[in-house]
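Colleague: From first to last, the protein sequence lines are chains V and Y. Residue 417 in the UniProt record's numbering sits at position 417 of the first sequence, with consecutive numbering throughout. Residue 112 in the UniProt record's numbering sits at position 112 of the second sequence, with consecutive numbering throughout. For each residue, glycine too, the CB sits at the ideal point set by N, CA and C.
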Amino acid sequence: MSRKKLSRREFVAATALTSAALITAPYVRGAYAAGKLSMAFWDHWVPGANKASEELVKAWAEKEKVEVTIDYVPSQGNKNILTIAAEAQAKSGHDIFAMPTWWCHSNSEQLERVDDIMGPIIAENGAANGTVQYLGQLDGKWLGVPASVGSQIKGPCSRIDLMKKHANIDVQEMYPAGSPPKADNWTFDTFLKAAEACHKAGVPFGIGLGETSDSVDTAGAIFQSFGAQLVDAKGNLTVKTDAVRQSLEFYKKLIAFLPPDAAAWDDSSNNKWLVSGKGAMIMNPPSAWAVAKRDAPQVAEQCWTHGFPAGPKGRFAPYLPYFWSIWNFSKNKEAAKSLLVHLSKPASIEKMCVASGGYDLPAYEKLTTLKVWQEEAPPKGTLYHYPNPYKHQTLSIAASPAPPKVAQQIYFQATLTKMCLRYYQGEAMEKTLAWAEGECEGFMRS
Amino acid sequence: MVDVTFQPNRVAGSQARKRGGMRNALRRKSTVAFVMTLPLILLILILVVYPAFYSLHLATLNKSMAKFVGFGNFEFLFRRDTFWLVVKQSCIFAISAVIFKALIGFIVAHFVHNVPAKKQRKWRGMLLVPWVIPPAMSTLAWLWLFDPSYSAFNYTLSFLGIGPIPWTGDAAWARFSVILVNVWYGAPFFMIMYLAALKSVPEQLYEAAAIDGANWWQRIWYVTLPMMRNIIAITTLFSLIVTFANFDIVRILTAGGPLDHTHIFATWAFRVGIEGSDVPLGASVSLFMVPILAIAAVFILRDISKRGNEA
């Protein structure tokens, strides 16, 4: 076989021609010209709620010519946090991940800062609430975009009939649909009296004392309403204070009126408690009510979601947000940011909130009065006060304002509920405080 | 049996020697065995050896995984009361569960052994059911039976005027519950191993014992148990390792509560490492059981090999 030898002159000419052709050729945009993007979203409890985010992503991908892959990762069995840990270790995986509460901070070294897109998003949607800033920012820089999907307030969901009958409290009058709350008398004293009355009537409040999130969140809000912190914002131990003692005394009184097995409750126990009709109140987002709507409509018709009772230092409600964060190993950060801006448009947020039946809560102040919360029924207006439309209560998370990496340990070790239980079971106050102080000292390791 | 084939013509050209060497290597039983087990060896290397060394590496890092701290994580753990509580509970959980599994397995194996051969297969199959169901699934069923508010056990006991029992709400009952489920799950494994051992005991030994006038207890003590010693030791060791490393039963039933009183190494490692985002400390907790199990393994295996040599 003969082979023609390429001369130097021919090589130069061919190279020049090829380069010229490449430079002057018109830009042809392919089907997926802007590359690929993969995301792991939280797999919603509410059936059909994932569809809204899927449609929004697909519409954006079509417009931007990006090939997208969406995985819906459930939080059951902690599958989402296991996947986050695996991707953080492997430095490989999705481009965007839906980070629950503390996971932005625990992975802060590996997350892309998103201040450039958060500025315009906040300008359009209003300021993000304080808990979102606490959990989503490090040194003033945003570690993720607050996601409405999965974000929730775990306030009281009361039985209208039982509260009226046994505690003489009209929760609809206290938190009327369409107008501001008239809840000045809704204090810890009233709450405790109502708990006692409902307990006597055989329909106790369903508040857990276990080690899972729902139990910890309620304890967190009650501690904060007394001004009690185990570790302050600067990282100082503040366990042995009067505020913490007052919180424990309050809990001791409350536990006497709770179901006797509350120490063994997990996050499904309070839902079952409400749906079975055994209790007059639980602390939960409207998922329990949504299940009751399907399985026990006569219970759902009597449910009313409203604000927390106020303590000596204010009215606090647990708020648990999700964030959409971009890994710093993502190969398409610009596309990821563009998508997150699209998902944070008011119309997109409203679409996702409607699909979740009002379960999802945007973190932005201009988006707490969407129609979905006014219209959800039965009874009509049951979710009106769920998104805290009048900023009647301070949204918070248990163990804050401790530095987030310390607070995460306090939260997941359920130090607050353990303290309450130990003290209730007869341990001396100072011994309980010393135990908690020792635990918190350990959580501060770096 | 020879391991290498006989070669009549040893003097040949280098090419032929090379080809012959290759052929010989392939003809060698040990080579073939190695090649055939290579996929498994590779799997073990990737899925067991690498993660084991990686977790060793992780255990030497600080919380942010940016600094080498040597044994710092272990020093930290040794100062924590909760860690020692977990050590104590892991030992209570594993040792009591293994003892009960062995006892129940031994008794049931004797019953099954005495069932006529035709019906024995059915009994064996039925008794193995708890062991073949994935524990995460069967534990969910147990969770419903123990449910704090709607326990089926409590419902049944209420007819007898007993209860309600806080199966997972009280520290002592919660420990009892997790051990009970572990025994229920693991006893069939002991049963099947002991049954196999019982079948291998020569009938003549029992006949000789009977002639010597040995009663039922003496036959068990002087014939059955000595003949089953090795299998009992191996089964106990294997079960001890698996029970110490248990995760799913405790995680699903109690998640370590109440007040951390049912946490064992694996569940506490998960709480600290994954939920608390302190992966190095979690790795240290899970590695702590390695020396305990290694010591147990050395003693048990040494005993077995000593008896093997005596035999």
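Which chain Y residues sit within Cβ distance under 8 Å of Gln408 of chain V?
Modeller: Going along chain Y in sequence order, the residues near Gln408 of chain V (Cβ under 8 Å) are Gly276 and Ser277.
Colleague: Would you list, in sequence order, the uninterrupted beta strand (DSSP E) runs of no fewer than 3 residues that lie entirely inside the segment 206 to 230 of chain V?
Modeller: Counting only runs of 3 or more, we get nothing.
Colleague: Based on Cα-Cα distance, which residue from V:Lys272, V:Glu173 and V:Trp373 lies nearest to Tyr150 of chain Y?
Modeller: That would be V:Lys272, whose Cα lies nearest to the Cα of Tyr150 of chain Y.
Colleague: Please state the DSSP three-state secondary structure of Gly358 of chain V.
Modeller: Coil at Gly358 of chain V, not helix or strand.
Colleague: From the DSSP output, in three-state form, read off Glu112 of chain V for me.
Modeller: Glu112 of chain V: coil per DSSP, three-state reduction.
Colleague: Applying the criterion that 16 or more other CB atoms from any shown protein chain within 10 Å of the CB defines a buried residue, is Met39 of chain V buried or exposed?
Modeller: So Met39 of chain V ends up on the buried side.
Colleague: Since Ala402 of chain V and Leu248 of chain V are thought to touch, with beta carbons under 8 Å apart, how far apart are those beta carbons, to the nearest angstrom?
Modeller: Incorrect: roughly 18 Å between the Cβ atoms, too far for contact.
Colleague: Rounded to a whole number of angstroms, what is the C-alpha to C-alpha distance between Trp103 of chain V and Gly150 of chain V?
Modeller: Rounded to the nearest angstrom, the two C-alpha atoms are 14 Å apart.
Colleague: Do you know offhand how far Val299 of chain V's Cα is from Phe41 of chain V's?
Modeller: Rounded to whole angstroms, Val299 of chain V to Phe41 of chain V spans 32 Å at the Cα level.
Colleague: Tell me, please, whether the segment 198 to 212 of chain V touches the segment 254 to 270 of chain Y by the rule of three or more beta-carbon pairs shorter than 8 Å.
Modeller: With a cut-off of 8 Å, the segment 254 to 270 of chain Y and the segment 198 to 212 of chain V count as touching, because enough Cβ pairs lie within range.
Colleague: What did DSSP end up calling Arg159 of chain V once you bin it into helix, strand or coil?
Modeller: Arg159 of chain V: strand per DSSP, three-state reduction.
Colleague: I believe Asn388 of chain V touches Thr368 of chain V by the beta-carbon criterion, under 8 Å. Please report the beta-carbon distance rounded to the nearest angstrom.
Modeller: Contact flag correct, Cβ pair sits at about 6 Å.
Colleague: With DSSP collapsed to three states, give me the class of Ala25 of chain V.
Modeller: Any reading at Ala25 of chain V must be qualified, since the residue scores a pLDDT of 49, below 50, and its modelled position is unreliable; the value itself is stated next. Correct three-state label for Ala25 of chain V: coil.
Colleague: Thinking just about the alpha-carbon of each residue, which of Y:Phe238, Y:Leu205 and Y:Ala196 is nearest to the one in His110 of chain Y?
Modeller: Per the Cα distances, Y:Ala196.
Colleague: List the whole-angstrom C-beta distance separating Tyr185 of chain Y from Ser138 of chain Y, where the pair is believed to meet the contact cut-off of C-beta under 8 Å.
Modeller: So it is a contact: roughly 7 Å between Cβ atoms.
Colleague: Could you work out which residues of chain Y lie near Lys272 of chain V, taking near to mean beta carbons separated by less than 9 Å?
Modeller: Under the 9 Å cutoff, chain Y gives Asp147, Ser149 and Tyr150.
Colleague: Out of curiosity, what's the CA-to-CA distance linking Phe244 of chain Y and Ser75 of chain V?
Modeller: Taking the straight line joining both Cα atoms gives about 27 Å.
Colleague: When you compare each of V:Ala288, V:Asp95 and V:Lys200 to Leu258 of chain V by their alpha carbons, which one comes out closest?
Modeller: Measuring from the Cα of Leu258 of chain V, the nearest candidate turns out to be V:Lys200.
Colleague: Would you mind telling me which residues of chain Y sit closer than 9 Å to Ala256 of chain V, beta carbon to beta carbon, in chain order?
Modeller: Near Ala256 of chain V there are no residues of chain Y at all, since even the closest Cβ is about 15 Å away, more than 9 Å.
Colleague: Which residues mark the beginning and the end of the alpha helix (DSSP H) in which Leu40 of chain Y is found?
Modeller: Here the alpha helix (DSSP H) through Leu40 of chain Y covers Lys29 to Ile44.
Colleague: With 16 as the cutoff for other CB atoms within 10 Å, does Asp242 of chain V come out buried or exposed?
Modeller: Exposed, because fewer than 16 other Cβ atoms sit within 10 Å of the Cβ of Asp242 of chain V.
Colleague: What do you get for Ala290 of chain V, buried or exposed, if any count of 16 or more other CB atoms within 10 angstroms of its CB means buried?
Modeller: Ala290 of chain V comes out buried.
Colleague: If Leu274 of chain V and Ala256 of chain V are in contact, beta carbons under 8 Å, what's the gap, nearest whole angstrom?
Modeller: The pair is not a contact, with the Cβ atoms about 21 Å apart (cut-off 8 Å).
Colleague: With DSSP as the reference, please indicate the residues paired to Asp71 of chain V in a beta bridge.
Modeller: V:Ala40.
Colleague: Closest Cβ-Cβ distance between Ala428 of chain V and chain Y: below 8 Å?
Modeller: Cβ-Cβ to chain Y under 8 Å: no for Ala428 of chain V.
Colleague: Can you tell me whether DSSP reads Val298 of chain Y as helix, strand or coil?
Modeller: Residue state, collapsed to three classes: helix.
Colleague: Give a yes or no on whether the minimum CB-CB distance between Leu320 of chain V and chain Y is below 8 Å.
Modeller: Not an interface residue.
Colleague: Given this structure, state the Cα-to-Cα distance separating Asp248 of chain Y from Thr262 of chain Y, to the nearest angstrom.
Modeller: About 12 Å.
Colleague: Excluding the five sequence neighbours on either side, which residues of its own chain have a C-beta within less than 7 Å of the C-beta of Gln393 of chain V, listed in chain order?
Modeller: Excluding positions up to five away in sequence, the list reads Gly307, Phe308, Arg315, Phe316 and Ala317.
Colleague: Name, please, each residue of chain V whose Cβ falls closer than 8 Å to the Cβ of Ser64 of chain Y.
Modeller: Simply Glu109 and Ser446.
Colleague: Would you list the residues sitting across from Val145 of chain V in a DSSP beta bridge?
Modeller: According to DSSP, which records beta bridges pairwise, Val145 of chain V is partnered with V:Trp324.
Colleague: For the segment 56 to 88 of chain V, which residues have a beta carbon sitting closer than 7 Å to at least one beta carbon of chain Y?
Modeller: Within the segment 56 to 88 of chain V, the residues whose Cβ lies closer than 7 Å to some Cβ of chain Y are Asn78, Ile81, Leu82 and Ala85, listed in chain order.
Colleague: Tell me which residues share the same chain as Ala361 of chain V and place their Cβ nearer than 7 Å to its Cβ, disregarding the 5 neighbours each side in the sequence.
Modeller: Checking the sequence, you will find Leu at residue 361 of chain V rather than Ala. Result list for Leu361 of chain V: Ser148, Ser151, Gln152, Ile153 and Pro387, in chain order.
Colleague: Given a limit of 8 Å on CB to CB distance, which residues of the segment 231 to 264 of chain V reach chain B?
Modeller: Among the protein chains in the structure shown, which are V and Y, there is no chain B.
Colleague: May I have a chain-ordered list of the alpha helix (DSSP H) segments no shorter than 4 residues that lie completely inside the segment 105 to 139 of chain Y?
Modeller: Complete alpha helix (DSSP H) runs here, min 4: 117 to 127 and 129 to 132.
Colleague: In angstroms, rounded to a whole number, what distance separates the CA positions of Leu56 of chain V and Leu253 of chain Y?
Modeller: Approximately 39 Å between the Cα atoms of the pair.
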